[in-house]
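Asker: Residue numbers (the numbering used here), protein chains in the order written: chain Z, 336 to 561; chain C, 56 to 290. From the three backbone atoms N, C-alpha and C, an ideal C-beta is built for every residue, glycine too. Have a look at this one.
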């Protein structure tokens, strides 16, 4: 058997190289998020968003932008035979799940590095909340990467994958969304970041991440069978 | 002599339709089997079952001593599979694809680079190895796909129309590579028995429902008779 870390590095490296070369996912995700902020800015006719409204706008935009990347996560494997190449190799198939989730996590972090500052310019009067916001988003991204990878691997074999992934993923992401916006809300409160019930929401996010990482690890092998 | 492949009563269904029915095959290590039959007779399905990519619906299937599907993990990495698709990423170069596959099979560093260059040289692809696969012709992709399936020096080669898209030079170069290795067993699906019968030890002809309608020594098969029998599509 090839060591799992070797297979993980090979698959992750391949995905990141292909994305850097084609820029098929990230620019679309970033453009979608920035456009959505512009629409909120003029649609709500607000120059400042705080508390639950700010948290909701930020998280919902990131979640829908993430769907663009999630939909494309396994397309090369499906259309160019990568699934077969990986299934023929003497590797633990959880390496594929881990590598794809890591690739999605990298996309989400890169997306947020671009669009969270844009959100701050559009809607926040100070940047003081950004460091703790980044921490919350990183924890939320981990859960979204695990769930998104799992759903994307199931949806990719369907002709209706563009419909199927959001339809299955969004209900599964409800607990994640509640926890993420719950943690973001006090950070974006008027008058600067607060930390009311912050720890509780972080614990919920951590639990969600753990559950879906374990579920992905446990079931991914079966999803690759014919 | 131990067996590379031993099938007893193999059946594979796709829903209500039987793609393979009661297939019995025995192939010794180092042996070579030609699989013939009209379109839709189940030749590709047979190769995919042997490659562990499809689960058998029924029957006893042993490949390189491992019972499938339960022990499929034991033989992955010992099989070289060349299917209809080259299994290459279009946005990566030939070398990058081969490095990726080498890593998956545990080949790394200098040993991997040497093996990749050796294979690229053998199929006359050294100069085009850094081009993206998307920019290559179908014949060049096939040469790279053959490199991919030989990269890890498998004990069993499963080849589905290996000459597809190849020009005469490509056919000669790849034939040399695919024929190398005395201990390596081969199962080859082809529509060109004239070309491949001389290299094979045994041959089977699949018919309707994926049944074996003939099994014999390759030397006993008349290519013209087989070609006329294959001139149709299995309903």
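1) Measure the alpha-carbon distance for residue 155 of chain C versus residue 348 of chain Z and round it to whole angstroms.
2) When the Cα of residue 250 of chain C is compared with those of C:276, C:261, C:69, which residue comes out closest?
3) If you draw a straight line from the C-alpha of residue 90 of chain C to the C-alpha of residue 203 of chain C, how long is it?
4) Tell me, which residues are paired with residue 90 of chain C by DSSP?
5) Taking contact to mean at least 3 C-beta pairs separated by less than 8 Å, is the stretch 429–442 of chain Z in contact with the stretch 344–362 of chain Z?
6) Check the C-beta distance from residue 444 of chain Z over to residue 398 of chain Z and give it rounded, since I have them as a contact under 8 Å.
7) Can you tell me where the alpha helix (DSSP H) holding residue 107 of chain C begins and where it ends?
8) State the CB to CB distance for the pair residue 125 of chain C and residue 107 of chain C, rounded to an integer number of angstroms; the pair is presumed to be in contact (CB under 8 Å).
9) Where does residue 275 of chain C sit, in a helix, a strand or coil, going by DSSP?
10) Which chain C residues sit within Cβ distance under 9 Å of residue 341 of chain Z?
11) Among Z:427, Z:519, Z:369, which one has its Cα closest to the Cα of residue 341 of chain Z?
12) Could you tell me whether the stretch 393–407 of chain Z touches the stretch 78–87 of chain C, using the rule of 3 or more Cβ pairs below 8 Å?
13) Starting from residue 113 of chain C, trace the beta strand (DSSP E) both ways and give me its first and last residue.
14) Of the residues Z:555, Z:457, Z:534, which one's Cα is nearest the Cα of residue 392 of chain Z?
15) In the DSSP assignment, find the alpha helix (DSSP H) that holds residue 173 of chain C and state where it starts and stops.
16) I'd like to check one pair, residue 206 of chain C with residue 240 of chain C: are the Cβ atoms closer than 8 Å?
17) Considering residue 137 of chain C, what are the terminal residues of the beta strand (DSSP E) in which it resides?
18) Along the beta strand (DSSP E) that carries residue 80 of chain C, what are the first and last residues, could you check?
19) Taking buried to mean at least 16 other C-beta atoms within 10 Å of its own C-beta, is residue 197 of chain C buried or exposed?
20) For residue 337 of chain Z, which residues in chain C fall below 7 Å Cβ to Cβ?
21) Return the bridge partner residues of residue 267 of chain C from the DSSP annotation.
22) So, helix, strand or coil for residue 97 of chain C, using DSSP?
23) In the DSSP assignment, the beta strand (DSSP E) including residue 60 of chain C goes from what residue to what residue?
24) How is the beta strand (DSSP E) around residue 121 of chain C delimited, first residue to last?
25) Could you round the C-beta distance between residue 437 of chain Z and residue 147 of chain C to whole angstroms and report it? I think they count as a contact, below 8 Å.
26) For the stretch 221–239 of chain C against the stretch 172–188 of chain C, are there 3 or more C-beta pairs whose distance is under 8 Å?
27) Measure the alpha-carbon distance for residue 361 of chain Z versus residue 404 of chain Z and round it to whole angstroms.
Answerer: A quick look at the data gives this:
1) Approximately 9 Å, taken between the alpha carbons.
2) The candidate whose alpha carbon is nearest that of residue 250 of chain C is C:276.
3) The alpha-carbon atoms of residue 90 of chain C and residue 203 of chain C are separated by roughly 22 Å.
4) Secondary-structure assignment with DSSP links residue 90 of chain C through a beta bridge to C:244, C:259.
5) Because the criterion of three Cβ pairs below 8 Å is met, the stretch 429–442 of chain Z and the stretch 344–362 of chain Z touch.
6) About 15 Å separates the beta carbon of residue 444 of chain Z from that of residue 398 of chain Z, a gap too long to meet the 8 Å contact definition.
7) Here residue 107 of chain C belongs to no alpha helix (DSSP H), and DSSP marks it neither H nor E.
8) Actually they do not touch by this definition, with Cβ atoms about 11 Å apart.
9) Secondary structure of residue 275 of chain C (DSSP, three-state): helix.
10) Those are 158, 159, 161, 163, listed as they occur along chain C.
11) Nearest Cα to residue 341 of chain Z within the set Z:427, Z:519, Z:369: Z:427.
12) Fewer than three pairs of CB atoms, one per stretch, sit closer than 8 Å, so the stretch 393–407 of chain Z makes no contact with the stretch 78–87 of chain C.
13) Per DSSP, residue 113 of chain C belongs to the beta strand (DSSP E) from 113–118.
14) For the residues Z:555, Z:457, Z:534, the minimum Cα distance to residue 392 of chain Z belongs to Z:457.
15) First-last of the alpha helix (DSSP H) with residue 173 of chain C: 164–177.
16) No, Cβ-Cβ distance for residue 240 of chain C and residue 206 of chain C is not below 8 Å.
17) 134–137 is the span of the beta strand (DSSP E), which, as asked, contains residue 137 of chain C.
18) Taken as a continuous stretch (DSSP letters only), the beta strand (DSSP E) holding residue 80 of chain C covers 72–83.
19) Classification of residue 197 of chain C: buried, given that the 10 Å Cβ count is 16 or more.
20) Correct list: 159, 160, 161.
21) For residue 267 of chain C, which the question treats as bridged, DSSP gives the partners C:261.
22) DSSP places residue 97 of chain C in coil when its eight states are reduced to three.
23) 58–69 is the extent of the beta strand (DSSP E) around residue 60 of chain C.
24) Note, residue 121 of chain C: beta strand (DSSP E), 121–123.
25) About 18 Å separates the Cβ atoms of residue 437 of chain Z and residue 147 of chain C, ruling out a contact at the 8 Å cut-off.
26) With the cut-off at 8 Å, the stretch 221–239 of chain C and the stretch 172–188 of chain C touch.
27) Residue 361 of chain Z and residue 404 of chain Z have their C-alpha atoms spaced approximately 7 Å apart.
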